[in-house]
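According to our numbering, the sequence shown holds residues 304 to 700 in order.
C-beta: ideal position from N, C-alpha, C; glycine also.
All remarks here apply to the structure that follows.
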Amino acid sequence: MSTADAAANAPRTNHVLVVGGGNGGLSIAGRLRRAGADVAVVDPNETHYYKPLFSHIAGGTAHPREAARPQREVFPKDVVWIRDAVTGVAPEANEVRLASGGVVGYDHLVLAPGIRNDWDAVPGLETAIRTPHVASNYEFDLAVKSSRLLREVREGTVVFVQAEGPASCAGAAQKPMYQACAYWRAAGVLDRIRVVLLVPEPTVYGIPEIDAELERKIEEYGIELHTDAPLRSVDADRRTVSFGAGEEITYDLLMVEPPQTAPAWIAESGLADANGYVDVDPRTLRSSTHPTIWSLGDAAGTWNSKSGGALRKQSKVLARNLAAVLAGDIPRAMYDGYGVCPFTVSRNTAVFAEFDDQGRLQPTLWRSSYKESRRNWIIDRHVFPKLYWNLILQGRA
Ligand SMILES: Cc1cc2nc3c(=O)[nH]c(=O)nc-3n(C[C@H](O)[C@H](O)[C@H](O)COP(=O)(O)OP(=O)(O)OC[C@H]3O[C@@H](n4cnc5c(N)ncnc54)[C@H](O)[C@@H]3O)c2cc1C
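See the structure below:
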């Protein structure tokens, strides 16, 4: 083989290779590109979703077209897009393997493939989600289905389920519930509907100030709250869920947040912590074992509650640290563990749960952001989507 042939067949090496072109992948790619790095992003999907709007779609306060854009339109300027899926990493060789059979090299690798919805983890759920009485706000098509089903309810039992274990914006299962209750109340039918909420933890969210706000809304809407109530199984034929210590409820409509897990190839590549997420220093976001590997977002083994708000802070820290390392310095920026879950508690108010990785309130918008307010809603529903499409994905916010 000539030198030219060998060069043509050698894996292409990217200065920085990012796996995943979602919230975390594009925002870090934009930042690093502007810092002068050559950046390529691997992602197979042609459509980019703004997931926080899935809850608004399900709850009937956003149109589906607001949450989806062609990936090519939102890619940061001068970042290369490799339309493929990663199937594994060979960290000793600084290479990733692609589903198409190719191999791509890197000097530094940023892992941002997000989290997987694991519909198989609860017996019966995978079958049930395809029936006309079960939906979810955790996937785009299912959020559209949820919107129609919730709007049609006039009586009966509607059960909302929050997943057990780490999840993307774990409280998001509750958001369409409050919105639906406000809608049913305005339609004069709330009294005829038994609304049930199952949460796996001992309280509705786990942070006292947030619990107090949510419990007030739960009482106001007459929602039946079950704590320590992880979903055990779903029987789609009997339209029954089993939860907690074996209790059962029969539903007319079931809204489920699926259990979520890290992509399996992270562990198969020897890069995972005990829970399957990328093993990183939770402050610097650099791999604990491989100094050329970094991670942020839902796939990273950090201690915070997984959310886009957490990512905004992580992306700034990771960009500064990686730029420092590329310049021959050491990583000094530290992620403070911030996370957020904006709860839409009616059709025009929201509660912002902003907290650190020890569960302490950490308001960034205003001191009372954890209280229900109209201005929280305006930020969540109108300001954040604009910020996301125009600035966050370009790594500018
Ligand atoms: C219903 C819902 C509501 C939410 N609400 C909020 C909210 O109100 N506020 C908030 O801050 N956060 C919210 N979040 C959380 C927020 O959306 C996530 O934290 C954020 O999207 C995580 O970004 P990420 O880049 O880690 O993953 P993602 O944005 O999921 O992106 C992952 C990307 O990786 C790609 N990918 C996956 N596997 C591979 C592979 N093998 N090879 C290549 N590419 C791959 C995917 O195609 C995808 O584009 C919500 C999430 C959900 C699901």
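Closer than 6 Å to some heavy atom of ligand 1: that describes the Cβ of K609. Sequence-distant partners of A343 (beyond 5 residues in either direction) whose C-beta falls short of 6 Å from its own C-beta, in its chain, are N317, L320, V383, I385.
For G611, the uninterrupted alpha helix (DSSP H) segment begins and ends at 611-629. In this structure the segment 505-519 lies against the segment 660-669, because at least three pairs of beta carbons, one per stretch, are closer than 8 Å. DSSP, read as helix, strand or coil, puts M637 in coil. Note on geometry: alpha-carbon atoms of M480 and F463 lie some 7 Å from one another. The secondary-structure analysis by DSSP pairs G339 with nothing; it has no beta-bridge partner.
Out of F646, P566, A548, R336, the CA that lies nearest to the CA of K520 is found in F646. Assigned with DSSP and collapsed to three states, E675 falls in coil, not helix or strand. DSSP links G459 through a beta bridge to I496. As for any beta strand (DSSP E) of minimum length 3 sitting wholly inside the segment 504-562, the runs are 527-529, 534-538, 543-546, 550-553, 556-559, ordered along the chain. Taking C-alpha positions only, D582 is separated from P347 by approximately 24 Å. Residue pairing by DSSP places F357 in no beta bridge whatsoever. Between ligand 1 and Y481, a heavy atom-to-CB distance of less than 6 Å is absent. Counting C-beta pairs closer than 8 Å gives fewer than three between the segment 496-509 and the segment 425-432, which falls short of the contact rule. By DSSP's assignment, T564 forms a beta bridge with R419.
Selection L401, C484, A415, G611 evaluated against W692 yields G611 as nearest (Cα-Cα).
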